[in-house]
Amino acid sequence: MVIGATARAEEAARTVTVAMRETEDGRMVFDPPILDFAAGETVRLAIRNEGEQEHEFVMDAPDEIQEHKAIMAEMPDMVHRDANALRLGPGESGEITWTFGEPGSYEFACLIPGHYEGGMHGPLVVR
157 MVIGATARAE EAARTVTVAM RETEDGRMVF DPPILDFAAG ETVRLAIRNE GEQEHEFVMD
217 APDEIQEHKA IMAEMPDMVH RDANALRLGP GESGEITWTF GEPGSYEFAC LIPGHYEGGM
277 HGPLVVR
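Sequential numbering of the sequence shown, starting at 157, is according to my numbering.
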């Protein structure tokens, strides 16, 4: 993948915590709303679902995100086996350890139908 590749946890130089949740006004959000990494940097992404609904974290190139979103609209219960994705129920946590690849503008999102439209996506920049 252009965005990078999975890595071993002991290779991570730092940990970035990403929370997923719903807001009182009905939006769905990631915190932080923007992710920024250096090319070649290995990071442990500690992902927590602090919401009351199931959410997922998927990171990829924008075109790939949109393609995956269309597939999810057809198969909303699809189980991910991709190293760049994680689906979590309410209160669950998980990790992705990743070495970021080529510099560029990417995206992270929840592609469960309706969640992206509810605001659950953000830019991921690799410098």
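For every residue, glycine included, the Cβ atom is placed at its ideal position computed from N, Cα and C.
Assuming the contact rule is C-beta atoms closer than 8 Å, residue i and residue j should be a hit. Round their C-beta distance to whole Å, please.
i	j	result
residue 249	residue 194	Between residue 194 and residue 249 the Cβ distance is about 25 Å, and since that is not below 8 Å, they are no contact.
residue 256	residue 196	7 Å
residue 241	residue 212	6 Å
residue 205	residue 269	With a Cβ gap of about 17 Å, residue 205 and residue 269 do not count as contacting.
In this structure, how does DSSP classify residue i when only helix, strand and coil are distinguished?
i	result
residue 189	coil
residue 228	helix
residue 219	helix
residue 194	coil
residue 258	coil
residue 241	strand
residue 165	helix
residue 279	strand
residue 172	strand
residue 268	coil
Could you give the distance in angstroms between the alpha-carbon of residue i and the alpha-carbon of residue j?
i	j	result
residue 169	residue 251	14 Å
residue 165	residue 198	9 Å
residue 221	residue 181	25 Å
residue 267	residue 239	15 Å
residue 167	residue 253	8 Å
residue 261	residue 160	13 Å
residue 282	residue 233	30 Å
residue 277	residue 163	23 Å
residue 191	residue 200	13 Å
Let's test the definition: count the other Cβ atoms within 10 Å of the Cβ of residue i and tell me whether it reaches 16, buried, or not, exposed.
i	result
residue 158	exposed
residue 231	exposed
residue 219	exposed
residue 216	buried
residue 183	exposed
residue 243	buried
residue 174	buried
residue 133	As shown, the chain starts at 157 and ends at 283. That puts residue 133 outside it, with no answer to give.
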